[in-house]
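**Q** Each step along the sequence shown adds one to the number in UniProt numbering, with nothing skipped, and position 416 is 416. The beta-carbon is built from N, C-alpha and C at its ideal position, and this holds for glycine as well.
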Amino acid sequence: MSQYGMGNRSIKSTTDTDNKKNEDDEEDVLEMNCVSKEEISDEQRTLWQNVKKYCKVTYVTLGLTSAILLYGYDNVVVGTISAMPDFQKDFGIFYNWSWILPSTWLALWNIASPIGAMIGSLIGGYLQDRIGRRLTLGTSSFLSAWYVGFPAGTLLGQLAGAGVVYGALGREKGYVVAFGSQWPLSFVPVLVAFLIPESPAWLARLNPLGVNTKAVVDKLLLDINHEEGSDTATFWDCFNKRNIRRTGIVMWAQSLTAIFGLQLLAKVPYFLQLVDMRPGISIIFLILGIILGLIANIISIWVMARVGRRPLVITTLLIAAALWLSMGIANCTNIVPAVTWWTAASMMLTILTTGLGTQGIGWFVSALASTVAGLALPYVFNPDAGGLRGKTGFTYAASCLVGAGVSWYIIPEMNGMCVGEIDGMFGEGVAAGVFGRWRAGHSPIRQTQAS
1 MSQYGMGNRS
11 IKSTTDTDNK
21 KNEDDEEDVL
31 EMNCVSKEEI
41 SDEQRTLWQN
51 VKKYCKVTYV
61 TLGLTSAILL
71 YGYDNVVVGT
81 ISAMPDFQKD
91 FGIFYNWSWI
101 LPSTWLALWN
111 IASPIGAMIG
121 SLIGGYLQDR
131 IGRRLTLGTS
141 SFLSAWYVGF
151 PAGTLLGQLA
161 GAGVVYGALG
171 REKGYVVAFG
181 SQWPLSFVPV
191 LVAFLIPESP
201 AWLARLNPLG
211 VNTKAVVDKL
221 LLDINHEEGS
231 DTATFWDCFN
241 KRNIRRTGIV
251 MWAQSLTAIF
261 GLQLLAKVPY
271 FLQLVDMRPG
281 ISIIFLILGI
291 ILGLIANIIS
301 IWVMARVGRR
311 PLVITTLLIA
321 AALWLSMGIA
331 NCTNIVPAVT
341 WWTAASMMLT
351 ILTTGLGTQG
361 IGWFVSALAS
371 TVAGLALPYV
381 FNPDAGGLRG
391 KTGFTYAASC
401 LVGAGVSWYI
411 IPEMNGMCVG
421 EIDGMFGEGV
431 AAGVFGRWRA
441 GHSPIRQTQA
451 S
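Written out as structure tokens, the structure is:
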């Protein structure tokens with residue numbers, strides 16, 4: 001009996017070992033396919049349900065947007081200052097019975113911030129991998145607050161910046177007040193850097209076997225291991241034969257803001273003054289455009305989850321092309337109030353449309369595209385150069401059509417895919433237009449699960 005009992009225990013032990021091995025194998029299969037029980041349930045939840053479940057993550061994400069607000073605030077203050085009459089008188093020239101900024105100086109003014117962003121994107125990407133996200137955010141924000149104090153003495157931030165400029169319109173040297181308003185806002189990201197936790201992804205790379213990785217979900221660890229399995233990556237690796245296609249997609253996507261005309265939309269007040277709109281009303285249109293952009297971005301969260309990024313980008317670019325074209329046609333006639341108001345309305349509709357779908361190396365390319373567009377634009381629409389004024393709409397109508405065509409050809413739909421799946425499709429050379437169908441019908445991952 002004792003032998004029989006020992007035999008039973010031995011059989012039971014062997015069975016338990018086999019069961020444990022099977023469970024481990026099942027877990028490995030789930031990991032190999034980037035699918036876990038937690039992942040599946042998260043994907044099945046609505047956006048609001050996930051927000052309630054991961055409320056701490058939501059708070060951290062909202063806190064991090066303070067840095068984006070500062071970026072947007074700076075963009076609008078710098079871009080809108082050129083529309084202030086006092087600024088035009090102090091730094092501009094008297095041309096055809098009105099004050100304007102010379103094209104050369106306006107171009108240099110436009111590219112100052114993008115050039116800084118180009119340098120910062122490369123340095124920031126390097127520092128984030130070396131010292132962590134929190135310390136990089138805190139240090140860079142402190143330096144921003146430090147340097148922005150000298151002149152004093154990315155959409156809510158933009159709205160606040162536009163309000164400050166509008167309030168300073170009637171003041172002598174009011175543009176100095178607008179510059180000075182950037183200083184206190186620069187300290188907000190410094191405070192946020194002390195309150196938020198460090199990035200789990202960075203902690204996992206730093207100490208993959210430590211207790212800190214308990215904060216990281218299985219999918220994140222799997223993605224990190226997958227990325228690091230390809231040896232240490234450098235900037236140059238992005239341009240080798242294996243990665244050049246996806247690098248090109250990222251670079252193109254980051255250039256879309258220049259394609260649909262964000263640099264011109266950011267200068268709505270100055271541009272509308274060139275088509276005979278009063279300064280005060282032109283800045284009101286800037287504020288309206290920012291509000292419409294905020295609404296569009298909120299709507300895009302829902303729309304993008306339903307239809308995907310690829311069709312949204314292409315559709316919005318085509319609509320933007322039609323709006324720019326209508327503005328160009330309207331300005332082929334004499335500038336009358338109807339033309340002025342339609343120019344403003346078409347630009348507002350363009351902001352609303354493109355806000356739905358088109359907003360390291362990626363930041364660098366985005367800043368580079370902004371630099372090129374900011375440098376060229378004044379020579380296109382300014383009266384002392386190209387003098388196109390409202391006919392600039394033809395230029396952006398063409399660029400949006402080209403942008404829609406290129407986007408259709410190169411941008412794949414990767415909504416809901418993990419790193420392993422995306423790598424598999426790029427490895428197979430799947431065309432951008434069939435990414436979704438390939439994943440649904442021919443993906444080796446799905447076939448493995450089915451078998």
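If we count the other Cβ atoms within 10 Å of its Cβ and call it buried at 16 or more, is F285 buried or exposed?
**A** Within the sequence shown, the letter at position 285 stands for residue 285. The residue in question, F285, is buried, as its Cβ has 16 or more Cβ neighbours within 10 Å.
**Q** Just to confirm, is the Cβ distance from P383 to L274 under 8 Å?
**A** By 1-based counting over the sequence shown, the position of residue 383 is 383. By 1-based counting over the sequence shown, the position of residue 274 is 274. Closer than 8 Å, so yes.
**Q** Among the residues of its own chain, which have a CB less than 8 Å from the CB of S2, if the five just before and after it don't count?
**A** Position 2 of the sequence shown, counting from 1, holds the residue named residue 2. Legend: pLDDT at S2 = 40, less than 50; position of this residue unreliable, value from coordinates given subsequently. Around S2: no qualifying Cβ.
**Q** Is it buried or exposed, P378, if we count other Cβ atoms within 10 angstroms and call 16 or more buried?
**A** Against the sequence shown, residue 378 aligns to sequence position 378. Label assigned to P378: buried.
**Q** Can you have a look at F435 and say buried or exposed, based on whether 16 or more other CB atoms are within 10 angstroms of its CB?
**A** Position 435 of the sequence shown, counted from the start, is the residue given in the question as residue 435. Around the Cβ of F435, a 10 Å sphere holds 16 or more other Cβ atoms; the residue is buried.
**Q** Can you list, in chain order, the residues of its chain with a C-beta nearer than 8 Å to that of I372? Leave out the 5 residues immediately preceding and following it.
**A** If you number the sequence shown from 1, residue 372 lands on position 372. First, the residue type needs correcting, since residue 372 is Val and not Ile in the sequence shown. Cβ within range, chain order: A258.
**Q** Using 10 angstroms around the beta-carbon of N331, count the other beta-carbons present and answer buried if the total reaches 16, otherwise exposed.
**A** The count along the sequence shown starts at 1 and reaches residue 331 at position 331. Per the 10 Å Cβ criterion, buried.
**Q** Would you kindly work out how many angstroms separate the C-alpha atoms of S407 and V303, rounded to a whole number?
**A** As a first step, residue 407 is located in the sequence shown; it is residue number 407 there, counting from the start. As a first step, residue 303 is located in the sequence shown; it is residue number 303 there, counting from the start. Straight-line Cα distance between these residues: approximately 18 Å.
**Q** Taking the straight line between their C-alpha atoms, what separation do you get for M84 and F91?
**A** Looking up residue 84 in the sequence shown gives position 84. Looking up residue 91 in the sequence shown gives position 91. So the two alpha carbons sit approximately 11 Å from each other.
**Q** Rounded to whole angstroms, how far is the Cβ of W324 from the Cβ of G393, which I believe are closer than 8 Å?
**A** Numbered from its first residue, the sequence shown carries residue 324 at position 324. Numbered from its first residue, the sequence shown carries residue 393 at position 393. So it is a contact: roughly 4 Å between Cβ atoms.
**Q** Kindly give me the distance between the Cβ atoms of T353 and T316, rounded to whole angstroms, as I take these residues to be in contact under 8 Å.
**A** By one-based count along the sequence shown, residue 353 stands at place 353. By one-based count along the sequence shown, residue 316 stands at place 316. Indeed they touch by this definition, with Cβ atoms about 5 Å apart.
**Q** Rounded to whole angstroms, what's the CA-CA distance from S141 to S82? Just pull it up for me.
**A** For the purposes of this step, residue 141 is identified with residue 141 of the sequence shown, where counting begins at 1. For the purposes of this step, residue 82 is identified with residue 82 of the sequence shown, where counting begins at 1. So the two alpha carbons sit approximately 25 Å from each other.
**Q** Could you check if K267 is buried or exposed, using at least 16 other CB atoms within 10 Å of its CB as the buried criterion?
**A** Within the sequence shown, residue 267 is the residue found at index 267, counting from 1. The residue in question, K267, is buried, as its Cβ has 16 or more Cβ neighbours within 10 Å.
**Q** Report yes if the C-beta distance between N110 and G374 is below 8 Å; otherwise report no.
**A** Your numbering for residue 110 matches position 110 in the sequence shown. Your numbering for residue 374 matches position 374 in the sequence shown. For N110 and G374, yes; Cβs fall inside 8 Å.
**Q** When the Cα of I329 is compared with those of S121, P102, W342, which residue comes out closest?
**A** Residue mapping note: residue 329 aligns to position 329 of the sequence shown, counting from 1. Measuring from the Cα of I329, the nearest candidate turns out to be W342.
**Q** Applying the criterion that 16 or more other CB atoms from any shown protein chain within 10 Å of the CB defines a buried residue, is A431 buried or exposed?
**A** The residue labelled residue 431 in the question sits at position 431 within the sequence shown. Its Cβ having fewer than 16 others within 10 Å, A431 is exposed.
**Q** Where do the N-terminal and C-terminal ends of the beta strand (DSSP E) with W341 fall, by residue?
**A** Translated into the one-based positions of the sequence shown, residue 341 becomes position 341. Note, W341: premise wrong, no beta strand (DSSP E); alpha helix (DSSP H) at 337-354.
**Q** Compare the beta carbon distance of R310 and I411 with 8 Å and say whether it is the shorter of the two.
**A** To locate residue 310, count along the sequence shown from 1; it is residue 310. To locate residue 411, count along the sequence shown from 1; it is residue 411. Contact flag set, yes.
**Q** Any idea what DSSP makes of W109, helix, strand or coil?
**A** Within the sequence shown, numbered from 1, the residue matching residue 109 stands at position 109. The answer is helix: DSSP assigns W109 an H, G or I state.
**Q** If you follow the beta strand (DSSP E) that W97 is in, where does it begin and where does it stop?
**A** As a first step, residue 97 is located in the sequence shown; it is residue number 97 there, counting from the start. Where W97 is concerned, there is no enclosing beta strand (DSSP E), given that its DSSP letter is neither H nor E.
**Q** On the three-state DSSP scale, how would you describe I411?
**A** By one-based count along the sequence shown, residue 411 stands at place 411. Reduced to three states, the DSSP call for I411 is coil.
**Q** Which residue's Cα is closest to the Cα of I351: A112, S370, N297, P114?
**A** On the sequence shown, position 351 is the one that residue 351 refers to. Closest by alpha carbon: N297.
**Q** Rounding to the nearest angstrom, what Cα-Cα distance links G149 and E428 in this structure?
**A** Within the sequence shown, residue 149 is the residue found at index 149, counting from 1. Within the sequence shown, residue 428 is the residue found at index 428, counting from 1. Caution applies to G149, whose pLDDT of 49 falls short of 50 and renders its modelled position unreliable; the value that the coordinates give is listed next. Cα to Cα, G149 sits roughly 53 Å from E428.
**Q** Report the residue from G433, L62, Q49 whose alpha carbon sits nearest the alpha carbon of G405.
**A** What you label residue 405 is simply residue 405 of the sequence shown in a count that begins at 1. Taking only the C-alpha atoms, the option nearest G405 is G433.
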